[in-house]
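Numbering (this note's numbering), first residue to last: 473 to 821. By construction, the Cβ of each residue, glycine as well, lies at the ideal position given by its N, Cα and C atoms.
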């Protein structure tokens, strides 16, 4: 595809983030057209198309894949459809941008990666975890400078009230048929750690709880068993002695906690996402707030990055399928440990 050619995008799954970010993001790029939308129902597809001035809808996602006029697919569905749509789109010769989480489980992610490698001329990208983009380059620079000394421990805490109401109906994140092995914000927060330290742990341990054993499924209008933990605590060991500890809670009301801490032998950096501040404490010095340099600050640029990769045939950085497979393997290991009452689970090297 030449740089001057129009890139026609098909949207499959017009959820909240697709309408907030992806559709307007694509429509803001010169030489890009959002040509067709397919959502869960014809009515919701029409509503999204009307809202964004898109001329066509499709009644099923296969029609979008088979449309020869479409160059690229943006997948905004829940995780249960990410693998089948991605694999079909790549095999049909279309570039793919899929929402996170990558898939239901690591097996699906591996199949997606295999399809991507079988079609090396096509861009395959996952929407990246966006919460730390402002600080990612600064944190990476601090780690690479060595001023923290040997990295000893990383901790992450994310608490939300999503599951706090024990009588509330099931949402899609609680439905294992739609979410698979994904648990709360586990994967999207682990992805950031991958981004910073660029390595994977050797083994994982987890313990969690399901407080509401069943909830009303509003789609079936029947009670359904809850199989996804409503809170999860986890640990991971790395080959060099680094330890990762984490808490993901869906039952904490109020403003919640939202932070990372990276502790080295000589100092600590702590990113408090709730306050939007990065703190640094080096041995013998007072804690300071680190303001990223303007040229180190990144922002949401997902749609533009995707189109640039198509036009310039550049590799995907945030986030490629290899990294996605690794965070799905981590997610699977947490799930397996939870199912095994806290047994340590080895990760592939």
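Cα-Cα separation, residue i to residue j
i: residue 866; j: residue 537; result: What is shown of the chain runs 473 to 821, which leaves residue 866 out entirely.
i: residue 784; j: residue 721; result: 42 Å
i: residue 680; j: residue 704; result: 4 Å
i: residue 671; j: residue 486; result: 34 Å
i: residue 677; j: residue 713; result: 15 Å
i: residue 622; j: residue 657; result: 28 Å
i: residue 496; j: residue 524; result: 8 Å
i: residue 565; j: residue 533; result: 15 Å
i: residue 640; j: residue 498; result: 36 Å
i: residue 691; j: residue 554; result: 20 Å
i: residue 807; j: residue 732; result: 22 Å
i: residue 529; j: residue 552; result: 21 Å
i: residue 650; j: residue 765; result: 40 Å
i: residue 739; j: residue 809; result: 32 Å
i: residue 549; j: residue 484; result: 7 Å
i: residue 693; j: residue 556; result: 27 Å
i: residue 711; j: residue 512; result: 44 Å
i: residue 754; j: residue 715; result: 20 Å
i: residue 506; j: residue 491; result: 12 Å
i: residue 637; j: residue 685; result: 13 Å
i: residue 663; j: residue 562; result: 24 Å
i: residue 674; j: residue 594; result: 32 Å
i: residue 559; j: residue 581; result: 10 Å
i: residue 698; j: residue 683; result: 9 Å
i: residue 648; j: residue 601; result: 21 Å
i: residue 752; j: residue 762; result: 7 Å
i: residue 531; j: residue 821; result: 43 Å
i: residue 515; j: residue 509; result: 11 Å
i: residue 584; j: residue 567; result: 13 Å
i: residue 816; j: residue 541; result: 49 Å
i: residue 606; j: residue 742; result: 14 Å
i: residue 614; j: residue 626; result: 14 Å
i: residue 706; j: residue 659; result: 12 Å
i: residue 482; j: residue 526; result: 10 Å
i: residue 587; j: residue 612; result: 31 Å
i: residue 778; j: residue 597; result: 7 Å
i: residue 479; j: residue 504; result: 5 Å
i: residue 702; j: residue 688; result: 16 Å
Three-state class that DSSP yields for residue i in the structure shown
i: residue 777; result: helix
i: residue 670; result: coil
i: residue 491; result: helix
i: residue 749; result: strand
i: residue 783; result: helix
i: residue 795; result: helix
i: residue 505; result: strand
i: residue 534; result: helix
i: residue 599; result: coil
i: residue 604; result: coil
i: residue 497; result: helix
i: residue 763; result: coil
i: residue 806; result: helix
i: residue 421; result: With the chain represented from 473 up to 821, any question about residue 421 goes unanswered, as that position is not in the structure.
i: residue 744; result: strand
i: residue 465; result: This structure leaves residue 465 out entirely; the chain is present only between 473 and 821.
i: residue 815; result: coil
i: residue 520; result: helix
i: residue 609; result: helix
Residue i CB to nearest heavy atom of the ligand ADP below 7 Å
i: residue 655; result: Absence of the ligand ADP from the depicted structure is noted, as is the absence of any ligand whatsoever, leaving it without description.
Residues bridged to residue i [DSSP beta-bridge criterion]
i: residue 544; result: 481 and 567
i: residue 754; result: 739
Given 8 Å, three or more beta-carbon pairs between the segment 742-755 and the segment 727-734: Yes: at least three Cβ pairs fall under 8 Å.
Entirely enclosed alpha helix (DSSP H) segments - the segment 612-668, minimum 4 residues: Segments of the alpha helix (DSSP H) lying fully in the segment 612-668: 648-651.
Contained beta strand (DSSP E) runs [length at least 3] in the segment 660-740, N- to C-terminal order: Those beta strand (DSSP E) runs which fall completely within the segment 660-740 and span 3+ residues are 675-681, 686-689, 694-697, 703-709, 715-721 and 730-736.
Residue ranges of each alpha helix (DSSP H) within the segment 553-589, 4 or longer: Secondary structure remark: continuous alpha helix (DSSP H) runs of at least 4 residues inside the segment 553-589, in chain order: 554-563.
Touch test, the segment 654-668 against the segment 764-779, Cβ-Cβ under 8 Å, three pairs minimum: With a cut-off of 8 Å, the segment 764-779 and the segment 654-668 do not count as touching, because too few Cβ pairs lie within range.
Segment contact flag, the segment 539-557 with the segment 619-634, C-beta cutoff 8 Å, min 3 pairs: No, the segment 539-557 does not touch the segment 619-634.
Cβ contact check for the segment 563-582 and the segment 781-798: 3 or more pairs under 8 Å: These segments touch.
The segment 794-803 / the segment 506-523 touching (three or more Cβ pairs under 8 Å): Segment contact: the segment 794-803 against the segment 506-523, fewer than three CB-CB distances shorter than 8 Å; contact not assigned.
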